[in-house]
């Protein structure tokens, strides 16, 4: 699996990235939504995680901008919204899941399991 994370806080992703890499997957970070869009055009990942300061409408617009480039890409977002509120606000955007502000190895395990269930050929 190939996971691309938009974040300016790489250190927060240490446990998550180590788990992903230990499982043989690729973990890449970029700092901006623009860099994600460029990467998506050239080398589409299996999952894009947005860990950028966006909420509500701006978050929806960011996800839509990615889907316009490649409608097949899976997305996840880092948010402090409660799960139910998150699903209500992002309904219809096809976001795979939300992640906490400080993602752990357990979160990485959950992400890889979800991706594997969507892409069984990557096993």
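Residue numbers (this note's numbering): 47 to 169.
No residue lacks a Cβ here, since even glycine has one placed at the ideal position from N, Cα and C.
- According to the DSSP assignment, residue 163 belongs to the alpha helix (DSSP H) that extends over 151-164.
- One thing to note: residue 73 has its Cβ no nearer than 7 Å to the Cβ of residue 153.
- Secondary structure at residue 52: strand, using DSSP grouped into helix, strand and coil.
- Residue pairing by DSSP puts residue 76 in a beta bridge opposite 52.
- In the displayed model, residue 136 falls within a helix according to three-state DSSP.
- Within the same chain, and ignoring the five residues on either side of residue 56 in sequence, the residues whose Cβ sits closer than 6 Å to its Cβ are 75.
- Here residue 136 is buried: its Cβ has 16 or more other Cβ atoms, across all protein chains shown, within 10 Å.
- Between the alpha carbons of residue 97 and residue 166 lies a distance of about 26 Å.
- Per the coordinates, the alpha-carbon of residue 120 lies some 10 Å from the alpha-carbon of residue 90.
- Secondary structure in the segment 83-144: the alpha helix (DSSP H) runs of 4 residues or longer, each lying completely within the stretch, are 102-115 and 129-136 in chain order.
- The beta-carbon distance between residue 51 and residue 158, rounded to whole angstroms, is 14 Å. This is too long to meet the 8 Å contact definition.
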